[in-house]
Amino acid sequence: MKAAKDVIVFPLDVPAPEAARSLVSLLADDVGMFKIGLELFIRSGPELVRRIDQAGGARVFLDLKLHDIPTTVRRAMAQVAELGVYFATVHCGDSQAMLEAAVEGAGGRVNVLGVTVLTSISPADVARAGYRQRYSTDLQRLVMKKAGMARDAGCDGVVCSGMEVEGIKAAFGGGFMAVTPGIRPAAGGVAADDQSRVVTPAMAIRRGADYLVVGRPIRDAADPRAAARAIAAEIQRAWDEQRKSGGSKC
Ligand SMILES: O=c1ccn([C@@H]2O[C@H](COP(=O)(O)O)[C@@H](O)[C@H]2O)c(=O)[nH]1
């Protein structure tokens with residue numbers, strides 16, 4: 233059976249490989265997956281991805297959010313797949329062909345997630361970017377549209393905020409994974425930082441999220457292990473409530 237810590241994805245959002253490796257040692261027993269993003273990948277490259285993958289039991293998520301013409305994305309995703317990571321990301325963007333190319337490049341060797349609308353983006357941002365008014369007043373619709381593109385292209389799931397998970401699961405089924413950043417625990421006055429569409433760990437679980445990406449609330453806590461354990465306890469309580477009410481998936 234899945235443990236609550238297994239659904240916590242911790243982003244190694246630090247520039248130096250030494251700092252990344254010490255976070256991996258510190259948190260290996262308390263999270264299920266380590267996410268490597270642009271900052272660390274640009275500094276340390278594929279070699280660090282391989283080392284972290286071999287460091288402990290936790291899986292690796294390579295979050296490069298590819299976005300380019302289809303051929304470039306297909307070839308880049310084929311290289312990502314060589315690294316043996318569990319998840320990789322591509323922006324849903326505006327091109328179905330680009331998403332299909334990402335899936336083709338992955339060739340079933342890595343789970344491809346389409347990034348719908350970044351969790352830092354607010355309805356005002358969408359309006360400013362020139363999207364139709366119906367999307368800026370109802371961001372969920374835009375996320376659903378992008379999630380539909382990802383599903384049609386053959387992606388394994390999407391990255392979205394916890395606010396949109398329920399709709400995605402209802403429309404595309406429980407097997408289509410929803411990975412949710414923008415997680416902020418209610419307790420302890422944790423800042424939203426640059427995140428806009430924020431939910432608590434319990435809310436994300438209740439709405440059906442498969443994985444919760446939690447960075448700064450763990451990394452910047454006085455005791456990161458204790459912070460990760462508190463989040464795992466909150467996830468477990470949400471699962472227990474679901475089980476009691478007969479709605480459990482785990
Ligand atoms: O829509 C998205 C997609 C990816 N991210 C990434 O998740 C983490 C969130 O970190 P926090 O410190 O918990 O805010 C970060 O690595 C982002 O690049 C996202 O936030 N939103």
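Mapping of the sequence shown onto my numbering: position 244 corresponds to residue 476, and the numbering continues sequentially without gaps.
All residues carry an ideal CB built from backbone N, CA and C; glycine is no exception.
Keep in mind the model is a prediction, meaning the values are calculated, not measured.
Item                                                                                              : Value
Proximity test, GLN427 beta-carbon vs ligand 1 heavy atom, cut-off 7 Å                            : yes
contact_flag[the stretch 337 to 350, the stretch 304 to 324] where n(CB pairs < 8 Å) is 3 or more : yes
VAL292 to ASP455 span [Cα, whole Å]                                                               : 23 Å
heavy atom of ligand 1 below 7 Å from LYS377 C-beta                                               : no
C-alpha distance - GLY447 paired with PHE408, whole-angstrom precision                            : 23 Å
Residue interval of the alpha helix (DSSP H) (run including ILE284)                               : 270 to 287
Three or more C-beta pairs below 8 Å linking the stretch 355 to 365 and the stretch 411 to 421    : no
Where PRO247 sits in the DSSP three-state scheme                                                  : coil
THR304, DSSP secondary structure in three states                                                  : helix
Any C-beta of chain D under 8 Å from that of ASP261                                               : Among the chains of the structure shown, chain D does not appear; only one protein chain is present.
For CYS392 and VAL335, believed in contact at Cβ under 8 Å, the rounded distance                  : Not confirmed; about 18 Å, so no contact.
When THR351, ILE268 and ALA402 are compared against LEU315, the one with the closest alpha-carbon : ILE268
Collapsed DSSP secondary structure at THR412 in the structure displayed                           : strand
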